[in-house]
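K.L.:
Let me begin by handing over the structure; questions about it come next.
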Amino acid sequence: MLYDLIVIGGGINGTGIARDAAGRGLSVLLVEQDSLARHTSSASSKLVHGGLRYLEYLHLRLVRESLLERERLLAIAPHLVSRKRFVLPYRSWLRPAWAVRLGLFLYDWLGRSSTLESSARVRFASSTYGAPLRPNLKLGFAYSDCTVDDSRLVILNAKDAAEHGADIRVGHRLVRALRDGGEWRADIHCEATGESYAARARAIVNAAGPWVAEVLAGRLGTGSRQPMRLVKGSHIVVNRLYEGDHAYALQHTDRRLVFVIPFLDDYTLIGTTDVPWHGEPGPVAIDPAETEYLCQVVNRSFERQIGPADVVWSYAGIRALQDDGVAEASAVTRDYVLQLDAPAGLAPVLSVLGGKITTYRRLAELALEKLEPHLGSMHEPWTSSASLPGGDLPGGDIEAFVTLLRRRWPFLGDAESRRLARAYGTRALRLLEPVRSRADMGEEFGGGMTRLEVDYLVREEWARSAEDIAWRHSKTGLRATTADQQRLRDYLGR
Ligand SMILES: Cc1cc2nc3c(=O)[nH]c(=O)nc-3n(C[C@H](O)[C@H](O)[C@H](O)COP(=O)(O)OP(=O)(O)OC[C@H]3O[C@@H](n4cnc5c(N)ncnc54)[C@H](O)[C@@H]3O)c2cc1C
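Numbering (this note's numbering), first residue to last: 378 to 871.
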């Protein structure tokens, strides 16, 4: 079969582009060499944000676009995206208070159509925001942004792409592709069968994240070299550090911001680091110096002191950033570039360089705009107001939906109703449809993950392993024991 588009990469950018393209009537094949969201797109700080820090580098276009997207993602995925108040303790030796206030004023103004609360000054002595902080911190600022379940955002984009007709193949690696006039001829290797097969397409999208340069120069043989930088970022998770639903943005002596964010009710997520990466782009882990750094940042601001022994989980990822020649890894632009390689008479390839979770939807729209002259007419842009699967919550009200689940399936309890509502939105109704009692959900594999859900994730969401289920399709891995994980492996093996 001749596809309109082969998309390489099942991260947020690949699945976002596949979804948009399929909805515009294009025939799409997406290949992901590992599992969906296996790499950078599950290792983010899980923020849908304008990026307050980027104001300092005057990346106003990126901030404005991100703030607009923040609003759109809240509307199309209210189960995955949540409003959050961030508290920024003031450090007088870093920036004058008026400069911080001005920055926040600009942030509010750039996001002026937002439904989120504006920024405000906070005196910690008279605010609960000050309760967990060290007494030397007297003053701060509060502003609004959003958090997101990054890996589920990827998976639900893939799901919607498939529901619009895209062919999503997980565990399939694009080995190489060559141009044959106006077509690409691709060799694809399937991990499960060990076999390779051929596929043809009129265009390729290279959304291979940290592999983007390798794919472009090596696997597509375009000879094109991209000045890219790989930067590793890591996070730690500790038991809940403080009461309240708000997050903190801590400024460190190196002027970087480290976020401290409530995570899955009982935990606190802390990150990120920014470390230049010169190795292979594959799986990475936090190193002891990064753990020390993150603990140190927290300990300078919080009364409660933490150390490496408090870390209950950690993760790391690699971003591919355009190399704009600046020295500091944290100062490299987070903006994206869509690079089109389309010699006359030959099939095009569009490469995605850089980017953020926050801007993936708009990036996908622009990618298709660039490809349209080569692919011919397609339907109008459609994703700005179309809910992602499960995102059609009445009034966007997640709390009302949690209550509905709890009423219809009282044995789920509060925590489980909330987890399922957040993960699946209205699709939870389909998942639970045949369930009359707890026993109908079958064996439990820890953290509330039941056989009913495992079967659904394998059947409907391309889950391939216990690790996929525990860490990407859900985060039940945080609460599951080693024995639970082994039972899940055994079950999947059967
Ligand atoms: C530490 C950190 C924190 C971040 N925090 C935030 C944040 O809070 N908010 C935000 O908006 N952004 C954040 N980002 C940025 C965001 O995570 C990335 O921009 C985004 O995830 C990149 O997605 P991607 O789809 O381009 O890449 P990836 O998610 O890496 O996906 C690329 C995929 O391509 C696949 N692939 C590669 N080669 C092949 C091949 N030959 N065949 C088939 N498949 C292939 C890979 O297996 C991979 O799954 C953060 C990034 C990092 C590293």
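Ideal Cβ placement from N, Cα and C applies to all residues, glycine included.
It should be emphasised that the depicted structure is a prediction, and the values quoted were computed from it without experimental measurement.
When DSSP labels each residue in this structure, what does A414 get in the three-state scheme?
P.N.:
Coil, per DSSP.
K.L.:
Indicate the three-state DSSP secondary structure (helix, strand or coil) for F778 in the structure shown.
P.N.:
Note: F778 maps to helix in three-state DSSP.
K.L.:
Is it buried or exposed, E442, if we count other Cβ atoms within 10 angstroms and call 16 or more buried?
P.N.:
Flag for E442 reads buried.
K.L.:
Report yes if the C-beta of I734 is less than 6 Å from at least one heavy atom of ligand 1; otherwise report no.
P.N.:
Because some heavy atom of ligand 1 lies under 6 Å away, the Cβ of I734 counts as near it: yes.
K.L.:
Please work out which residues of its chain come closer than 8 Å, Cβ to Cβ, to I683, disregarding the five sequence neighbours upstream and downstream, and give them in chain order.
P.N.:
Taken in chain order, the residues that qualify are V615, L618, C672, V675 and N676.
K.L.:
Let me know the alpha helix (DSSP H) ranges lying completely inside the region 453 to 539, each 4 residues or longer, listed in chain order.
P.N.:
Those alpha helix (DSSP H) runs which fall completely within the region 453 to 539 and span 4+ residues are 474 to 487.
K.L.:
Measuring straight from C-alpha to C-alpha, what distance separates D718 and G753?
P.N.:
Approximately 17 Å, taken between the alpha carbons.
K.L.:
Secondary structure at E821, three-state DSSP: helix, strand or coil?
P.N.:
E821 falls in the strand class under three-state DSSP.
K.L.:
Nearest to R478 by alpha carbon, out of R785, V661 and V464?
P.N.:
R478 has its Cα closest to that of V464, out of R785, V661 and V464.
K.L.:
Does DSSP put R546 in a helix, a strand or coil?
P.N.:
Three-state DSSP puts R546 in a strand.
K.L.:
Could you give the DSSP three-state label for L808: helix, strand or coil?
P.N.:
Here L808 sits in helix by DSSP.
K.L.:
With DSSP collapsed to three states, give me the class of H756.
P.N.:
Here H756 sits in coil by DSSP.
K.L.:
Among T710, T736, V714 and H751, which one has its Cα closest to the Cα of A721?
P.N.:
The shortest Cα separation from A721 among T710, T736, V714 and H751 belongs to H751.
K.L.:
Here's the rule I'm using: 16 or more other beta-carbon atoms within 10 Å means buried, otherwise exposed. How should Q628 be labelled?
P.N.:
Under this definition Q628 is a buried residue.
K.L.:
Have a look at D867, P509, E776 and H541 and flag the residue whose alpha-carbon is nearest the alpha-carbon of P455.
P.N.:
Minimum Cα distance to P455 is reached at E776.
K.L.:
Just the C-alpha distance for E494 and V552, rounded to the nearest angstrom, thanks.
P.N.:
Straight-line Cα distance between these residues: approximately 48 Å.
K.L.:
Should Q863 go down as buried or exposed, given a rule of 16 or more other Cβ atoms within 10 Å for buried?
P.N.:
When all chains shown are included, Q863 counts as exposed.
K.L.:
Just checking T645 against ligand 1 - is the residue's beta carbon closer than 6 Å to any of the ligand's heavy atoms?
P.N.:
No, the Cβ of T645 stays beyond 6 Å of every heavy atom of ligand 1.
K.L.:
In terms of residue numbering, what span does the beta strand (DSSP E) encompassing R577 cover?
P.N.:
Note, R577: beta strand (DSSP E), S573 to N583.
K.L.:
Less than 7 Å between the beta carbons of R352 and D381, yes or no?
P.N.:
This structure leaves residue 352 out entirely; the chain is present only between 378 and 871.
K.L.:
Locate the alpha helix (DSSP H) running through A624, then write down its first and last residues.
P.N.:
Looking at the DSSP string, A624 is not in any alpha helix (DSSP H); the run it does join, the beta strand (DSSP E), is A624 to Q628.
K.L.:
How is P658 classed by DSSP in three states: helix, strand or coil?
P.N.:
If DSSP states are grouped into helix, strand and coil, P658 belongs with coil.
K.L.:
CB A741 to CB I394, shorter than 7 Å?
P.N.:
In this structure, I394 lies closer than 7 Å to A741 by Cβ.
K.L.:
Does ligand 1 have a heavy atom nearer than 6 Å to the CB of H756?
P.N.:
The answer is no for H756.
K.L.:
Near N438, which residues of its chain fall below 8 Å by C-beta distance, leaving aside the five closest residues on each side in sequence?
P.N.:
Residue identity differs from the one stated: residue 438 is Arg in this sequence, not Asn. D712.
K.L.:
So L865 and A843 are supposed to be a Cβ contact under 8 Å. How far apart are they, rounded?
P.N.:
Indeed they touch by this definition, with Cβ atoms about 4 Å apart.
K.L.:
If we require 3 or more residues per run, which beta strand (DSSP E) segments fall completely within the region 379 to 427?
P.N.:
Fully enclosed beta strand (DSSP E) runs of 3 or longer: 379 to 385 and 405 to 409.
K.L.:
Compare the Cα-Cα distances from D701 to each of T417, Y434, T505 and T645 and report the closest residue.
P.N.:
Considering only alpha carbons, the answer is Y434.
K.L.:
Would you give the residue range spanned by the alpha helix (DSSP H) that Y801 belongs to?
P.N.:
G790 to Y801 is the extent of the alpha helix (DSSP H) around Y801.
K.L.:
So, at 8 Å on beta carbons, what are the nonlocal neighbours of F482 in its own chain, with the 5 sequence-adjacent residues on each side left out?
P.N.:
Within the same chain, F482 has close Cβ partners S496.
K.L.:
Let me confirm a value: M342 is counted as buried when at least 16 other C-beta atoms fall within 10 Å, else exposed. Which label applies?
P.N.:
This structure cannot speak to residue 342, because the chain is shown only from 378 to 871.
K.L.:
Output the distance between the C-alpha atoms of R813 and R785, rounded to the nearest integer angstrom.
P.N.:
Taking the straight line from one Cα to the other gives about 9 Å.
K.L.:
Compare the beta carbon distance of G386 and S418 with 7 Å and say whether it is the shorter of the two.
P.N.:
Taking 7 Å as the Cβ cut-off, G386 and S418 do not qualify as a contacting pair.
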